[in-house]
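Chains A and B supply the protein sequences, listed in that same order. All the letters of the first sequence, read from the start, carry residue numbers 2 to 362 under the numbering used here. All the letters of the second sequence, read from the start, carry residue numbers 2 to 362 under the numbering used here. Where a beta carbon is used, it is the ideal one built from N, C-alpha and C, also for glycine.
Number of protein chains: 2
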Amino acid sequence: MVQPLEIQLERCKVKKIKPPQNQLGFGVYFTDHMFIMDYSLEKGWYQPRVVPYQPIVLDPSAKIFHYGQTVFEGLKAYRTEDGRTLLFRPQKNIQRMNRSNERLSIPQLNEKVVLEALELLISADQDWIPTEPGTSLYIRPFVFAVQPALGVSPSTHYQFVIIMSPVGAYYPEGVNPVKIFVESEFVRAVIGGVGEAKTAGNYAAGLNAQENAKKQGYSQVLWLDGIHKRYIEEVGSMNVFFKIKGTVYTPSLNGSILDGITRSSIIQLLTHWNIPVVEKVISIEEVYEAGKDGSLEEAFGTGTAAVISPIGELSWQDDKLVIQNGLIGELSQRLYDALTGIQKGVNSDPFGWMVELDLTP
Amino acid sequence: MVQPLEIQLERCKVKKIKPPQNQLGFGVYFTDHMFIMDYSLEKGWYQPRVVPYQPIVLDPSAKIFHYGQTVFEGLKAYRTEDGRTLLFRPQKNIQRMNRSNERLSIPQLNEKVVLEALELLISADQDWIPTEPGTSLYIRPFVFAVQPALGVSPSTHYQFVIIMSPVGAYYPEGVNPVKIFVESEFVRAVIGGVGEAKTAGNYAAGLNAQENAKKQGYSQVLWLDGIHKRYIEEVGSMNVFFKIKGTVYTPSLNGSILDGITRSSIIQLLTHWNIPVVEKVISIEEVYEAGKDGSLEEAFGTGTAAVISPIGELSWQDDKLVIQNGLIGELSQRLYDALTGIQKGVNSDPFGWMVELDLTP
Numbered sequence: 002m003v004q005p006l007e008i009q010l011e012r013c014k015v016k017k018i019k020p021p022q023n024q025l026g027f028g029v030y031f032t033d034h035m036f037i038m039d040y041s042l043e044k045g046w047y048q049p050r051v052v053p054y055q056p057i058v059l060d061p062s063a064k065i066f067h068y069g070q071t072v073f074e075g076l077k078a079y080r081t082e083d084g085r086t087l088l089f090r091p092q093k094n095i096q097r098m099n100r101s102n103e104r105l106s107i108p109q110l111n112e113k114v115v116l117e118a119l120e121l122l123i124s125a126d127q128d129w130i131p132t133e134p135g136t137s138l139y140i141r142p143f144v145f146a147v148q149p150a151l152g153v154s155p156s157t158h159y160q161f162v163i164i165m166s167p168v169g170a171y172y173p174e175g176v177n178p179v180k181i182f183v184e185s186e187f188v189r190a191v192i193g194g195v196g197e198a199k200t201a202g203n204y205a206a207g208l209n210a211q212e213n214a215k216k217q218g219y220s221q222v223l224w225l226d227g228i229h230k231r232y233i234e235e236v237g238s239m240n241v242f243f244k245i246k247g248t249v250y251t252p253s254l255n256g257s258i259l260d261g262i263t264r265s266s267i268i269q270l271l272t273h274w275n276i277p278v279v280e281k282v283i284s285i286e287e288v289y290e291a292g293k294d295g296s297l298e299e300a301f302g303t304g305t306a307a308v309i310s311p312i313g314e315l316s317w318q319d320d321k322l323v324i325q326n327g328l329i330g331e332l333s334q335r336l337y338d339a340l341t342g343i344q345k346g347v348n349s350d351p352f353g354w355m356v357e358l359d360l361t362p
Numbered sequence: 002m003v004q005p006l007e008i009q010l011e012r013c014k015v016k017k018i019k020p021p022q023n024q025l026g027f028g029v030y031f032t033d034h035m036f037i038m039d040y041s042l043e044k045g046w047y048q049p050r051v052v053p054y055q056p057i058v059l060d061p062s063a064k065i066f067h068y069g070q071t072v073f074e075g076l077k078a079y080r081t082e083d084g085r086t087l088l089f090r091p092q093k094n095i096q097r098m099n100r101s102n103e104r105l106s107i108p109q110l111n112e113k114v115v116l117e118a119l120e121l122l123i124s125a126d127q128d129w130i131p132t133e134p135g136t137s138l139y140i141r142p143f144v145f146a147v148q149p150a151l152g153v154s155p156s157t158h159y160q161f162v163i164i165m166s167p168v169g170a171y172y173p174e175g176v177n178p179v180k181i182f183v184e185s186e187f188v189r190a191v192i193g194g195v196g197e198a199k200t201a202g203n204y205a206a207g208l209n210a211q212e213n214a215k216k217q218g219y220s221q222v223l224w225l226d227g228i229h230k231r232y233i234e235e236v237g238s239m240n241v242f243f244k245i246k247g248t249v250y251t252p253s254l255n256g257s258i259l260d261g262i263t264r265s266s267i268i269q270l271l272t273h274w275n276i277p278v279v280e281k282v283i284s285i286e287e288v289y290e291a292g293k294d295g296s297l298e299e300a301f302g303t304g305t306a307a308v309i310s311p312i313g314e315l316s317w318q319d320d321k322l323v324i325q326n327g328l329i330g331e332l333s334q335r336l337y338d339a340l341t342g343i344q345k346g347v348n349s350d351p352f353g354w355m356v357e358l359d360l361t362p
């Protein structure tokens, strides 16, 4: 039986000065409070608490520094025009976090406790939820191994933390298509590895390729599979979709691709709109053929940060492919408007995705 | 031009009580001091210092927690019977660390500064170097991203730290062969990934398989390649060797295997002894065939912690293969004695591997 845990609240003495809403950026400013909960083999999860935003203090031998046993999530809270506060499918994040935890030998979190933690933390920092168009409060739960020991084995102690950052409009001047470099040398993940888990090592593995792409004028990398270097996996840290002859395709979840929550929402929206959507193995050749014969109509990435990120150009082995004349496609725009509309509480929410928070003053 | 850096030394006020040398274990106890050096894009590496062993204090948004941008090393200092202090091939560790850093988009370290840091730190904690047979002082240099920002990109700030732990005899009752589970589902690394780098994510990825193996009575996992699940890569966190009909084989470095310093020393020793040694692609079928027809004479792992770890049994897809009747082979024992003899300053050092430290009192 799961013990009910009462979350303690210690309010900060002095509030930080808030940055202007048109200069937020992404993950640069953090709110006044954070959530912390500890774990030991003996006690399980204990002492859940909302405390003033403060440094994490770790022994230098803590396993997080050496063996990367850690998992994170990312989700957003939105302030509606009529003053309500909405979370986008938070249970999906907590459930995915637990799947990632399973893969990384990290103990499971209690879904209800995490939801309560989110509510209490957001309550404490509700004046940090930005209101300008395109802004939101980005929420970063993460869990990491803190046992001070260098043996390579799962940690006996963990810390689960939630921090929050007001983030700006991803596209302050309207949704702009990006140029993407198709990576043929470096690999992000392989079947049997940890690609499906939202764990630090996957992101570390991608930094080098991303930097190379940037030097050549591309904003992100399109990852191919680690076995054949042929089948499309993800773009940067987003899932990817291609519209070919009226049908929308996205790589099927194979264990090395992140099971994106925006991805599954897009699939649900398209199905609801009676637009054919197919999850399948997609080769880069297929996409290039469709691009050359004119049947590739749109391509876009999906993720929590940008929601929809249209792809205006691909470059694969020096072969450039311009998509939709480098402009945003009709369907990309429709999906962006629909999803952000639901998230901001402007559109109706036919799927019951949004969770309205009951914020105490 | 590299700036000469003067290393500051702040001694601890109170020394810790040292654990008994027969109860050291591995990476459980830490010495009185540690080395720290900071990096920023503007300043490069700065403020190298030996300070009392102390917690690391990080903003919760520090990139190490989220994107795993970190690299580590492991090496040992030995106290000889005549009171000298020796390091085993430390330059190799620093050079490998810089190769790992390159892969992880972490700035290069100055080899000379790191060597000086090792010497000063070991000087400060020289009374921690254990003297009992099989013991040594394990040294853990590591570097990690500390920039407080959630954007996925290489950090602008890093910390480089060295901690040290007196470690016990890996085999207190003599070198004992281990039982190894050949992993057919999970994958440690793939070509194009970060398998060659000594980075946290590789170890996190292996925890699950290691736990499964332990539950079935095996002490480590033998990793197969991520593409064909057929070619042998590493065993646990060691490199692996097989002696078949008098010739010693080890998997060739392919980018997903760690370039082990013990591995390269073993190859050099075997060559010196005129024992044929071949680096090649080795399939698990090949090893099993040699095992079944009696030509597989010995198998062993190599690494800093155990030096030589004989393999007494393999289990691959429910097919068990006992090697050398589960006992340590003649060559494994000879290699173990030779290498540990050189490391402890008992044997002569024909290759100039050992670096004698000039310890100030």
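Distance between residue j and residue i (C-alpha atoms, nearest Å)
i, j, result
"residue 336 of chain B", "residue 267 of chain B", "7 angstroms"
"residue 202 of chain A", "residue 82 of chain B", "42 angstroms"
"residue 60 of chain B", "residue 350 of chain A", "37 angstroms"
"residue 159 of chain B", "residue 312 of chain B", "39 angstroms"
"residue 226 of chain B", "residue 194 of chain B", "12 angstroms"
"residue 330 of chain A", "residue 30 of chain A", "33 angstroms"
"residue 141 of chain A", "residue 51 of chain A", "14 angstroms"
"residue 57 of chain A", "residue 146 of chain B", "14 angstroms"
"residue 68 of chain B", "residue 68 of chain A", "13 angstroms"
"residue 2 of chain A", "residue 314 of chain B", "Per-residue confidence for residue 2 of chain A stands at a pLDDT of 42, beneath the threshold of 50, marking its modelled position as unreliable; no derived number is given."
"residue 144 of chain A", "residue 49 of chain B", "30 angstroms"
Option in the options with minimal Cα separation from residue i
i, options, result
"residue 240 of chain A", "A:231, A:222, A:227, A:228", "A:222"
"residue 358 of chain B", "B:177, B:79, B:42, B:47", "B:79"
"residue 53 of chain B", "B:308, B:126, B:329", "B:126"
"residue 128 of chain B", "B:318, B:17, B:345", "B:17"
"residue 320 of chain B", "B:292, B:91, B:275", "B:292"
"residue 32 of chain B", "B:246, B:19, B:24", "B:19"
"residue 204 of chain A", "A:42, A:74, A:149", "A:74"
"residue 118 of chain B", "B:87, B:37, B:63", "B:37"
"residue 106 of chain B", "B:92, B:155, B:124", "B:155"
"residue 104 of chain A", "B:100, B:189, B:27", "B:189"
"residue 173 of chain B", "B:149, B:22, B:12", "B:22"
"residue 170 of chain A", "A:342, A:150, A:224, A:135", "A:135"
"residue 309 of chain B", "B:318, B:261, B:282", "B:261"
"residue 1 of chain A", "A:109, A:93, A:95", "With chain A running from 2 to 362 in the structure shown, residue 1 of chain A is simply not present."
"residue 84 of chain A", "A:130, A:120, A:122", "A:130"
"residue 200 of chain A", "A:244, A:301, A:259", "A:259"
Cβ neighbour criterion (16 or more within 10 Å) applied to residue i
i, result
"residue 132 of chain A", "exposed"
"residue 216 of chain B", "exposed"
"residue 47 of chain B", "exposed"
"residue 237 of chain A", "buried"
"residue 295 of chain A", "exposed"
"residue 34 of chain A", "buried"
"residue 281 of chain A", "exposed"
"residue 209 of chain A", "buried"
heavy atom of the ligand ADP below 6 angstroms from residue i C-beta
i, result
"residue 94 of chain A", "Only the bare structure without any ligand can be found here, which leaves the ligand ADP out of the picture."
(request) Taking a Cβ distance cut-off of 8 angstroms, strictly less, list which residues of the segment 151-185 of chain B are near chain A, in chain order. (result) Within the segment 151-185 of chain B, the residues whose Cβ lies closer than 8 angstroms to some Cβ of chain A are 151, 152, 153, 154, 155, 162, 164, 166, listed in chain order.
(request) Mind listing, in chain order, the continuous beta strand (DSSP E) runs of no fewer than 3 residues lying wholly within the segment 233-280 of chain A? (result) 233-236, 240-245, 248-252
(request) Return the residues of the segment 36-47 of chain B that lie within a Cβ-Cβ distance of less than 8 angstroms from chain C, sorted by chain order. (result) No chain C appears in this structure, whose protein chains are A and B.
(message) Which residues of the segment 240-259 of chain B have a Cβ closer than 9 angstroms to any Cβ of chain A? Give them in chain order.
(response) none
(message) Give me the subset of the segment 281-306 of chain A whose CB atoms are less than 8 angstroms from a CB atom of chain B, sorted by chain position.
(response) none
(message) Please identify, using Cβ separations under 7 angstroms, the residues of the segment 104-135 of chain A that lie next to chain B, in order along the chain.
(response) Within the segment 104-135 of chain A, the qualifying residues are 104, 105, 106.
(request) Check distances from the C-beta atoms of the segment 215-236 of chain B to those of chain A and list, in chain order, the residues that come in under 7 angstroms. (result) Of all residues in the segment 215-236 of chain B, 227, 228 have a Cβ within less than 7 angstroms of some Cβ in chain A.
(request) Within the segment 130-169 of chain A, note down every full beta strand (DSSP E) run reaching 3 residues or more, in order along the chain. (result) 137-146, 158-168
(message) Runs of 3 residues minimum, wholly inside the segment 290-339 of chain B: which ones carry the beta strand (DSSP E) assignment?
(response) 297-304, 308-317, 320-323
(request) Taking a Cβ distance cut-off of 7 angstroms, strictly less, list which residues of the segment 262-275 of chain B are near chain A, in chain order. (result) Of all residues in the segment 262-275 of chain B, none is placed with a Cβ closer than 7 angstroms to any Cβ belonging to chain A.
(message) Counting only Cβ-Cβ distances shorter than 7 angstroms, please list the residues of the segment 334-352 of chain A near chain B, keeping chain order.
(response) So nothing in the stretch comes that close.
(request) Residues of the segment 47-62 of chain B with a CB closer than 7 angstroms to any CB of chain A: list them in chain order, please. (result) 56, 57, 58, 59, 60, 61, 62
(request) Let me know the alpha helix (DSSP H) ranges lying completely inside the segment 31-63 of chain B, each 4 residues or longer, listed in chain order. (result) none
(request) Give, in chain order, every residue of the segment 311-332 of chain B whose Cβ lies closer than 8 angstroms to some Cβ of chain A. (result) none
(message) Taking beta-carbon pairs under 8 angstroms, can you tell me which members of the segment 199-211 of chain B lie near chain A?
(response) 200, 201, 202, 203, 204, 205, 206, 207, 208, 209, 211
(message) Using a Cβ-Cβ cutoff of 9 angstroms, what residues of the segment 17-30 of chain A are near chain B? List them in chain order.
(response) 26, 27, 28, 29
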